[in-house]
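Visitor: I am attaching a structure below and will ask some questions about it afterwards.
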Amino acid sequence: MLRLASLFLFTMAFLFWGCTSEKRMLQPVQQGNSISLSQIAQELSLSLTWNSAERKAYLQKDDYYAIVQLQNDIIWIRGEPHKMEFPAYLANKEVYVPISTYIQDLKALFAYQAKNVEESKEIQDLPEPLYKIEASIPKVSFINFSVLLDPGHGGKDTGAIAPNGLYEKNFNLDIANKVAQILKDKGAKVLMTRNNDSFPTLDQRVLIANQKKANCLVSIHLNNALNTKASGFEVWISTNSKAKHYSKSSMLARLIRSAFQKHSPLSDRGIRKGAFRVIHETHIPSVLVECCFLSNPKDLAWISTEEGK
Ligand SMILES: [Zn+2]
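Numbering-wise, the sequence shown is residues 928 to 1236 according to the working numbering.
Have a look at this one:
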């Protein structure tokens, strides 16, 4: 009898839960703050695949991907967890996510233009003197030159997680500390958005960049892909070619890229354009460097060495 009663109670609770959760899930559609994954795939030219066993959807373009699981409010973007305003839900046979996730997270990752900016006309059309400055920069002293280094992620935000369990956030900080020392030895003034395992938000990082008025910002990250063969380094600049500092950002990107070509054994994946907030909303020349792929064993082995860092 007792067992029957508890079974009944359980069934009622389940039904009740089912009703309320369905109501809660459908609400966002009425509020119009959701967008379907198929619409996102169409707008950003992504492939969309569905794994019904895991109830997961995969958005993909080149080596970049995002994973959404039904009823889960975490979206995995290149192996990094991002919290969504509400869980992904199913309506009319479509998977929906918050519009804020589309605008802040997915657009920033997938709305890049040329695969390699140097191939596009835009950069070839840069005025001649910029190339001359580039050639002369290595001889220029770093006295009175300030660099803001931004080690990606930190604190509760681990960034990508390597197959061996190591966190991207710690690699980023290690690399930033090494770069800071080299720059200081050359006489530059170095500022950091974080110098410990804290978590400045993207808003705070942008604010620091715009208040400190360093000569440039370099954001340091490691990449992650589903395809473990993906390998190499990338340098990212803003998609906003009308920004005042755009030509300086692209010049800085080319300098960093050529330094990587000289010193990194990994392949060159070129200069790319994306709307990452630390390079898109800052008012100083800004680049974001993906030093290698944590998801690739060869890349991971290299970045784990002192020399690699
Ligand atoms: Zn990262």
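Even for Gly, the Cβ is constructed at its ideal location relative to N, Cα and C. Given the structure is predicted, the values throughout are model-derived calculations rather than measurements.
Ligand 1 and Leu1149: does any heavy atom of the ligand fall closer than 8 Å to the residue's C-beta?
Guide: Locating residue 1149 in the sequence shown gives position 222, where the first residue counts as 1. Under cutoff, so the answer is yes.
Visitor: So, Gly1079 versus Ile1004, is the Cβ gap smaller than 9 Å?
Guide: By one-based count along the sequence shown, residue 1079 stands at place 152. By one-based count along the sequence shown, residue 1004 stands at place 77. Their beta carbons are not under 9 Å apart, which means Gly1079 does not touch Ile1004 by this criterion.
Visitor: Can you grab the Cα-Cα spacing for the pair Met1178 / Arg982, in whole Å?
Guide: Stepping through the sequence shown from its first residue, residue 1178 is reached at position 251. Stepping through the sequence shown from its first residue, residue 982 is reached at position 55. Distance between the alpha carbons of Met1178 and Arg982 is about 44 Å.
Visitor: With DSSP as the reference, label Asn1071 as helix, strand or coil.
Guide: By 1-based counting over the sequence shown, the position of residue 1071 is 144. Three-state result, Asn1071: coil.
Visitor: Looking at Asn1091 and ligand 1, is the gap between the Cβ and the nearest heavy atom below 8 Å?
Guide: For this step, residue 1091 is matched to residue 164 along the sequence shown. No, the beta carbon of Asn1091 sits no closer than 8 Å to any heavy atom of ligand 1.
Visitor: Buried or exposed: where does Glu1208 fall if 16 or more other Cβ atoms within 10 Å of its Cβ makes it buried?
Guide: Against the sequence shown, residue 1208 aligns to sequence position 281. Under this definition Glu1208 is a buried residue.
Visitor: Within the same chain, show all residues whose beta-carbon is closer than 8 Å to that of Asn1223, passing over the 5 residues directly before and after it, in chain order.
Guide: In the sequence shown, the residue the question calls residue 1223 occupies position 296. Counting only Cβ-Cβ distances below 8 Å, and skipping sequence neighbours, we find Ala1152, Thr1155, Lys1156, Ala1157 and Ser1158.
Visitor: Does ligand 1 have even one heavy atom less than 8 Å from the beta-carbon of Asn1223?
Guide: One-based indexing of the sequence shown puts residue 1223 at position 296. Asn1223 Cβ: outside cutoff for every heavy atom of ligand 1.
Visitor: Give me the Cβ distance between Pro1025 and Ser961, rounded to the nearest whole Å; I'm assuming they're in contact under 8 Å.
Guide: As a position in the sequence shown, residue 1025 is number 98, starting the count at 1. As a position in the sequence shown, residue 961 is number 34, starting the count at 1. Their Cβ separation, rounded to whole angstroms, is 6 Å, which keeps Pro1025 and Ser961 in contact under 8 Å.
Visitor: At the level of alpha carbons, what is the spacing between Ile1164 and Asn978?
Guide: One-based indexing of the sequence shown puts residue 1164 at position 237. One-based indexing of the sequence shown puts residue 978 at position 51. Roughly 34 Å between the two C-alpha positions.
Visitor: Here's the rule: buried if 16 or more other CB atoms are within 10 angstroms of the residue's CB, otherwise exposed. What is His1172?
Guide: If you number the sequence shown from 1, residue 1172 lands on position 245. Counting Cβ neighbours within 10 Å, His1172 comes out buried, since at least 16 surround it.
Visitor: Flag Gly1086 as yes when its Cβ comes closer than 8 Å to any non-hydrogen atom of ligand 1, and as no otherwise.
Guide: Position 159 of the sequence shown, counted from the first residue, corresponds to residue 1086. Checking every heavy atom of ligand 1 against the Cβ of Gly1086, one is found closer than 8 Å.
Visitor: Can you look up Gln1188 in the DSSP assignment and give me helix, strand or coil?
Guide: What you label residue 1188 is simply residue 261 of the sequence shown in a count that begins at 1. Residue state, collapsed to three classes: helix.
Visitor: My guess is that Leu1036 and Gly1201 are in contact by the Cβ rule of under 8 Å, so how many angstroms apart are they, rounded?
Guide: Start at 1 with the first residue of the sequence shown, and residue 1036 comes out as number 109. Start at 1 with the first residue of the sequence shown, and residue 1201 comes out as number 274. Between Gly1201 and Leu1036 the Cβ distance is about 7 Å, and since that is below 8 Å, they are a contact.
Visitor: What does the alpha-carbon distance come out to for the pair Glu1061 and Asp1000?
Guide: In the sequence shown, the residue the question calls residue 1061 occupies position 134. In the sequence shown, the residue the question calls residue 1000 occupies position 73. Summary for Glu1061: the model assigns pLDDT 44, below 50, so the residue's position carries little reliability; its value from the coordinates is reported in the next sentence. Roughly 45 Å between the two C-alpha positions.
Visitor: Using a threshold of 9 Å, state whether the C-beta atoms of Arg1199 and Gln1031 are closer than that.
Guide: Here the question's residue 1199 lines up with position 272 in the sequence shown. Here the question's residue 1031 lines up with position 104 in the sequence shown. Not a contact, by the Cβ cut-off of 9 Å.
Visitor: How many whole angstroms separate the CB atoms of Ala1103 and Met1119, which I take to be in contact at a CB cut-off of 8 Å?
Guide: Translated into positions along the sequence shown, residue 1103 becomes position 176. Translated into positions along the sequence shown, residue 1119 becomes position 192. Ala1103 to Met1119, Cβ: 6 Å. Contact.
Visitor: What does the alpha-carbon distance come out to for the pair Phe1072 and Asn1142?
Guide: Position 145 of the sequence shown, counted from the start, is the residue given in the question as residue 1072. Position 215 of the sequence shown, counted from the start, is the residue given in the question as residue 1142. Approximately 6 Å, taken between the alpha carbons.
Visitor: In whole angstroms, give me the CA-to-CA distance for Lys1236 and Val1216.
Guide: By 1-based counting over the sequence shown, the position of residue 1236 is 309. By 1-based counting over the sequence shown, the position of residue 1216 is 289. In a straight line, the C-alpha of Lys1236 is about 13 Å away from that of Val1216.
Visitor: Given the structure, does His1009 come close to ligand 1, in the sense that its CB is under 8 Å from one of the ligand's heavy atoms?
Guide: Position 82 of the sequence shown, counted from the first residue, corresponds to residue 1009. Every heavy atom of ligand 1 is 8 Å or more from the Cβ of His1009, so no.
Visitor: In whole angstroms, what is the alpha-carbon distance linking Thr1028 and Ser974?
Guide: Indexing the sequence shown from 1 puts residue 1028 at position 101. Indexing the sequence shown from 1 puts residue 974 at position 47. Taking the straight line joining both Cα atoms gives about 18 Å.
Visitor: In or out: Lys1169 buried (at least 16 other Cβ within 10 Å) or exposed?
Guide: One-based indexing of the sequence shown puts residue 1169 at position 242. With fewer than 16 Cβ atoms within 10 Å of its Cβ, Lys1169 is classed as exposed.
Visitor: Would you mind stating whether Phe1126 and Gly1081 have Cβ atoms separated by less than 9 Å?
Guide: In the sequence shown, counting from the first residue as 1, residue 1126 sits at position 199. In the sequence shown, counting from the first residue as 1, residue 1081 sits at position 154. Contact: yes.
Visitor: Pick helix, strand or coil for Glu970, following the three-state DSSP scheme.
Guide: Numbered from 1 along the sequence shown, position 43 holds the residue referred to as residue 970. Note: Glu970 maps to helix in three-state DSSP.
Visitor: Take Lys1139 as the anchor and find which of Lys1111, Leu1017 and Leu1076 has the nearest alpha-carbon.
Guide: Working through the sequence shown from its first residue, we reach residue 1139 at position 212. That would be Leu1076, whose Cα lies nearest to the Cα of Lys1139.
Visitor: Looking at Gly1079 and ligand 1, is the gap between the Cβ and the nearest heavy atom below 8 Å?
Guide: Counting from 1 along the sequence shown, the entry for residue 1079 is found at position 152. Flag set: Cβ of Gly1079 near ligand 1.
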